[in-house]
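Engineer: In full-length UniProt numbering, the protein residues as written are 1 to 107.
In this text, a Cβ means the ideal position worked out from N, Cα and C, and glycines have one as well.
(1) Could you tell me whether the region 61 to 70 touches the region 80 to 96, where touching means 3 or more Cβ pairs closer than 8 angstroms?
(2) With residue 27 and residue 36 assumed to form a contact (beta carbons below 8 angstroms), what rounded beta-carbon distance in angstroms separates them?
(3) State the DSSP-derived secondary structure class of residue 83, mapped to helix, strand or coil.
(4) Which residues bound the alpha helix (DSSP H) around residue 42?
(5) Keeping to the same chain, check which residues put their C-beta closer than 6 angstroms to that of residue 56; ignore five residues upstream and five downstream.
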């Protein structure tokens, strides 16, 4: 006999929802409602099931009246991180060159 308030086993043939409905919200911008930034907040386990894991990066394709969200592959994430590291190193080199130039011009 089942215990009170117990849940039945998960249905094996449960249909996957392919559409979700949301309302576009906003991010407040001072007291100006007309100038507020539109925002969409998606959440739910269905995101993980669709390949969007916590901490994962995504690409958003923007078209007229349409947004397409694509989870980045591990290779794409690796290249993006590598690019960011290289940009940081390049910025450090530029800063050091400016400092050296300033020292040269001052002395």
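Structural biologist: For this structure:
(1) no
(2) 6 angstroms
(3) helix
(4) Premise fails: residue 42 is in no alpha helix (DSSP H) and is neither H nor E.
(5) 71
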